[in-house]
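Peer 1: Numbers given in the working numbering equal positions in the sequence shown, counted from 1, plus 125.
Virtual Cβ for every residue (Gly too), placed ideally from N, Cα, C.
Just so we're clear, the structure is a prediction, and the values are computed from it rather than from any experiment.
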Amino acid sequence: MFAGLVTGNSVIVKPHSGAVYPIAIVVAAVRDVLAELGMDPNIIQMAVDTAASPLTLELVRHPSVGVIDYTGGPAFGAIVEKIAAEHRKVVFTEKAGVNCVILDSTDDLDKAMDNLAFSLTLYSGQMCTAPQNIFIAKDGMLVGDEHVPVDAVAGKLREKIDALVFNEKAGPGTLGAVQNPITAARVTEASALGFEIVRSSESVVQPGFDGSRSMSPLVLKTDTAHADVYTKEWFGPISFIVVTDSFEDSLNEVVSSVHQHGALSSLVYTTNTGRMQLAEDAIVTAGAPVAFNFNSFVWVNQSAAFSDFHGTGCTPAGNATFADWQFVTNRYNVVGVRKQA
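If you want it as structure tokens, here you go:
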């Protein structure tokens, strides 16, 4: 929206039919500011539709629409990209991928799992950058000089999630509500997969919002034999601890996932400088951003507006980076005018 306005374009905001009100507040505020500046507030408008009568593709095809910014699921995003290309439109997409974590080694398991637990809990996993698949070698995780078994690492993660979820002050606000009943149904579906349940999901009371739908993280444990299950996106508070043969196998799993499904974040815990460089080279070459050893108040879910790049534009998760030069310059064309002297 702001990219369109800053580059001199009028903007039509087409929200999801199930989430109109929040963005309507923003659009109204922008219109007020434009009016205060003596500009036409209709520079920005909303196009509200319903699930029964959608408008998106009609707008994509409309000859007056030249630039499309799409945020949403990958299936419909692919349709938008295809139709936009057929109509020679510029399209920027931020869809979704399967975000991965590798647990190799750390100096402080408590701090590492605190950080990861917060990332899994934040907004009930309803962020495009939320981690889903957590890879760990069958020998466990090296903590200082001690090898901690897989089950102990999983138990520590469960302990940290529980500590956050059941914190009366921090838990409900960190989780928020599950917006879509389909997401809630997906948690039920995942629970019935037959995998080992490291942590069950349960309803969480949101004080002051008695009718809210709020669910804590579900954590499952499996191995690479079930890649057909965990390599798809499970949007919502669902994650998989995947046991591999080695660090190298974990890294290969992540790289393969990025190539096939894209990723908007990845996180690696390792104190081994050689493995750190190996992971950086492999994941960056695959096209995904990577973070290392987050153990404080910076989380892999969140990108800082003036220091980080969100997305890379070179994986199936989306074709845009927020905000590189291309995100700006592709909204312009250069047209020459020549006159005889």
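Who are the near neighbours of Phe434 in its chain, counting only those whose CB is closer than 6 Å to its CB and skipping five residues on each side?
Peer 2: The residue labelled residue 434 in the question sits at position 309 within the sequence shown. Taken in chain order, the residues that qualify are Thr446.
Peer 1: Let me check understanding here. Comparing Cα to Cα, which of Gly143, Met171, Ile204 and Pro256 lies closest to Ala177?
Peer 2: Taking the first residue of the sequence shown as 1, we reach residue 177 at position 52. When each option's Cα is compared against that of Ala177, the closest is Gly143.
Peer 1: If you count every other CB in all the chains shown that lies within 10 Å of the CB of Thr440, and 16 or more means buried, which is it?
Peer 2: Within the sequence shown, numbered from 1, the residue matching residue 440 stands at position 315. Buried, by the Cβ-count rule.
Peer 1: Does the Cβ-Cβ distance between Glu378 and Thr349 come in under 8 Å?
Peer 2: Start at 1 with the first residue of the sequence shown, and residue 378 comes out as number 253. Start at 1 with the first residue of the sequence shown, and residue 349 comes out as number 224. Yes, the Cβ-Cβ distance between Glu378 and Thr349 is below 8 Å.
Peer 1: Taking the C-alpha atoms as reference points, what is the distance between Phe417 and Gly333?
Peer 2: Numbered from its first residue, the sequence shown carries residue 417 at position 292. Numbered from its first residue, the sequence shown carries residue 333 at position 208. So the two alpha carbons sit approximately 38 Å from each other.
Peer 1: If we ignore side chains and look at the alpha-carbon of each, how far apart do Ala429 and Ala466 end up?
Peer 2: For the purposes of this step, residue 429 is identified with residue 304 of the sequence shown, where counting begins at 1. For the purposes of this step, residue 466 is identified with residue 341 of the sequence shown, where counting begins at 1. Approximately 51 Å, taken between the alpha carbons.
Peer 1: Between which two residues does the alpha helix (DSSP H) carrying Phe260 extend?
Peer 2: Here residue 260 corresponds to residue number 135 of the sequence shown, with the count starting at 1. Per DSSP, Phe260 lies in no alpha helix (DSSP H) segment; the continuous beta strand (DSSP E) that holds it begins and ends at Asn258 to Ala262.
Peer 1: Contact check, Pro256 vs Asn224 under 8 Å by CB: the rounded distance?
Peer 2: Translated into the one-based positions of the sequence shown, residue 256 becomes position 131. Translated into the one-based positions of the sequence shown, residue 224 becomes position 99. At roughly 5 Å, the Cβ-Cβ gap stays under 8 Å, so Pro256 and Asn224 are in contact.
Peer 1: Roughly how many angstroms separate the alpha carbons of Leu228 and Asp276, rounded to a whole number?
Peer 2: Counting from 1 along the sequence shown, the entry for residue 228 is found at position 103. Counting from 1 along the sequence shown, the entry for residue 276 is found at position 151. The straight-line gap from Cα to Cα measures roughly 13 Å.
Peer 1: Excluding five sequence neighbours on each side, which residues of the same chain lie with their C-beta closer than 8 Å to the C-beta of Val190?
Peer 2: One-based indexing of the sequence shown puts residue 190 at position 65. So the list reads Ile137, Leu184 and Lys214, once near-sequence residues are dropped.
Peer 1: Give the DSSP bridge partners of Gly443, in chain order.
Peer 2: Taking the sequence shown and counting its residues from 1, one reaches residue 443 at position 318. In the DSSP output, where bridge partners are listed per residue, Gly443 has Glu219 and Thr440.
Peer 1: Under 8 Å between the Cβ atoms of Leu234 and Val273?
Peer 2: Translated into positions along the sequence shown, residue 234 becomes position 109. Translated into positions along the sequence shown, residue 273 becomes position 148. In contact: Leu234 and Val273 (Cβ atoms closer than 8 Å).
Peer 1: Assign Met511 to one of two classes, buried (16 or more other C-beta atoms within 10 Å of its C-beta) or exposed (fewer than that).
Peer 2: Residue 511 is absent from the structure shown; the chain starts at 126 and stops at 466.
Peer 1: Could you check the C-alpha separation between Leu159 and Lys139 for me, to the nearest Å?
Peer 2: Here residue 159 is taken as the residue at index 34 of the sequence shown, counted from 1. Here residue 139 is taken as the residue at index 14 of the sequence shown, counted from 1. Straight-line Cα distance between these residues: approximately 19 Å.
Peer 1: Near Leu180, which residues of its chain fall below 7 Å by C-beta distance, leaving aside the five closest residues on each side in sequence?
Peer 2: In the sequence shown, residue 180 corresponds to position 55, counting from 1. So the list reads Lys139, Ala172 and Asp174, once near-sequence residues are dropped.
Peer 1: Alpha carbon to alpha carbon, how far is Ala128 from Val453?
Peer 2: As a working mapping, residue 128 is identified with position 3 in the sequence shown. As a working mapping, residue 453 is identified with position 328 in the sequence shown. Taking the straight line from one Cα to the other gives about 7 Å.
Peer 1: Run through the DSSP bridge pairs and tell me what Leu343 is partnered with.
Peer 2: On the sequence shown, residue 343 is found 218 positions in, with the first residue counted as 1. The partner list for Leu343 (beta bridge, DSSP) reads Ile363.
Peer 1: Helix, strand or coil, according to DSSP, for Arg117 in the structure here?
Peer 2: The requested residue 117 does not occur in the structure, where the chain is confined to residues 126 to 466.
Peer 1: What residue range does the alpha helix (DSSP H) around Ile286 cover?
Peer 2: Position 161 of the sequence shown holds residue 286. Counting along the chain, the alpha helix (DSSP H) containing Ile286 begins and ends at Val275 to Val290.
Peer 1: Please report the distance separating the alpha-carbon of Val393 from that of Val368.
Peer 2: Sequence index remark: in the sequence shown, residue 393 carries index 268 (1-based). Sequence index remark: in the sequence shown, residue 368 carries index 243 (1-based). Using only the alpha carbons, I get a separation of about 15 Å.
Peer 1: Helix, strand or coil: which one does DSSP assign to Gln251?
Peer 2: As a first step, residue 251 is located in the sequence shown; it is residue number 126 there, counting from the start. In the structure shown, Gln251 sits in coil (DSSP, three-state: anything other than H, G, I, E or B).
Peer 1: If you count every other CB in all the chains shown that lies within 10 Å of the CB of Lys207, and 16 or more means buried, which is it?
Peer 2: Counted from its first residue, the sequence shown places residue 207 at position 82. Exposed.
Peer 1: Mind pulling the beta strand (DSSP E) runs of 3 or more residues that sit fully within the stretch 126 to 199?
Peer 2: Unbroken beta strand (DSSP E) runs of no fewer than 3 residues, entirely contained in the stretch 126 to 199, are found at 136 to 138, 169 to 171 and 192 to 196, following chain order.
Peer 1: Does the distance from the CB of Thr246 to the CB of Thr299 come in under 8 Å?
Peer 2: Numbered from 1 along the sequence shown, position 121 holds the residue referred to as residue 246. Numbered from 1 along the sequence shown, position 174 holds the residue referred to as residue 299. Yes. Within cutoff.
Peer 1: Taking 7 Å as the cut-off, is the CB of Ser364 close to at least one heavy atom of the ligand ATP?
Peer 2: As presented, the structure is devoid of all ligands, the ligand ATP included, so that no description of it is given.
Peer 1: I believe Phe260 touches Val226 by the beta-carbon criterion, under 8 Å. Please report the beta-carbon distance rounded to the nearest angstrom.
Peer 2: Residue mapping note: residue 260 aligns to position 135 of the sequence shown, counting from 1. Residue mapping note: residue 226 aligns to position 101 of the sequence shown, counting from 1. The pair is a contact, with the Cβ atoms about 7 Å apart (cut-off 8 Å).
Peer 1: Is the separation between the beta-carbon of Ser341 and that of Ser326 shorter than 8 Å?
Peer 2: Numbered from its first residue, the sequence shown carries residue 341 at position 216. Numbered from its first residue, the sequence shown carries residue 326 at position 201. Contact: yes.
Peer 1: Pop quiz: Val415 and Ser391 are said to be a contact at Cβ under 8 Å. What is the actual Cβ separation, rounded to whole angstroms?
Peer 2: Working through the sequence shown from its first residue, we reach residue 415 at position 290. Working through the sequence shown from its first residue, we reach residue 391 at position 266. With 8 Å as the limit, Val415 and Ser391 qualify as a contact, their Cβ atoms being about 5 Å apart.
Peer 1: Taking a contact to mean a Cβ-Cβ separation below 8 Å, would you say Val312 touches Arg338 in this structure?
Peer 2: The residue given as residue 312 occupies position 187 in the sequence shown. The residue given as residue 338 occupies position 213 in the sequence shown. Cβ atoms of Val312 and Arg338: not closer than 8 Å.
Peer 1: Quick check on Trp450: buried or exposed, where buried means 16 or more other Cβ atoms within 10 Å of its Cβ?
Peer 2: As a first step, residue 450 is located in the sequence shown; it is residue number 325 there, counting from the start. With fewer than 16 other Cβ atoms within 10 Å, it is exposed.
Peer 1: Short check: CB of Lys285 to CB of Asn420, under 8 Å?
Peer 2: As a position in the sequence shown, residue 285 is number 160, starting the count at 1. As a position in the sequence shown, residue 420 is number 295, starting the count at 1. Taking 8 Å as the Cβ cut-off, Lys285 and Asn420 do not qualify as a contacting pair.
Peer 1: Hey, Ala221 and Glu358: beta-carbon distance below 8 Å or not?
Peer 2: The residue you call residue 221 lines up with position 96 of the sequence shown. The residue you call residue 358 lines up with position 233 of the sequence shown. Yes; because the gap between Cβ atoms is below 8 Å, this pair is in contact.
Peer 1: Return helix, strand or coil for Leu318, following the three-state DSSP convention.
Peer 2: Along the sequence shown, one-based indexing puts residue 318 at 193. Three-state DSSP puts Leu318 in coil, outside helix and strand.
Peer 1: I need the straight-line Cα distance from Ala404 to Asp370, nearest angstrom please.
Peer 2: As a position in the sequence shown, residue 404 is number 279, starting the count at 1. As a position in the sequence shown, residue 370 is number 245, starting the count at 1. Between Ala404 and Asp370, the C-alpha separation is close to 16 Å.
Peer 1: What residue from Val155, Leu130, Ile307 and Val131 has the CA that sits closest to Pro362's CA?
Peer 2: Position 237 of the sequence shown holds residue 362. It is Ile307.
Peer 1: Could you tell me the boundaries of the beta strand (DSSP E) in which Ser337 lies?
Peer 2: Sequence index remark: in the sequence shown, residue 337 carries index 212 (1-based). Note, Ser337: premise wrong, no beta strand (DSSP E); not H, not E.
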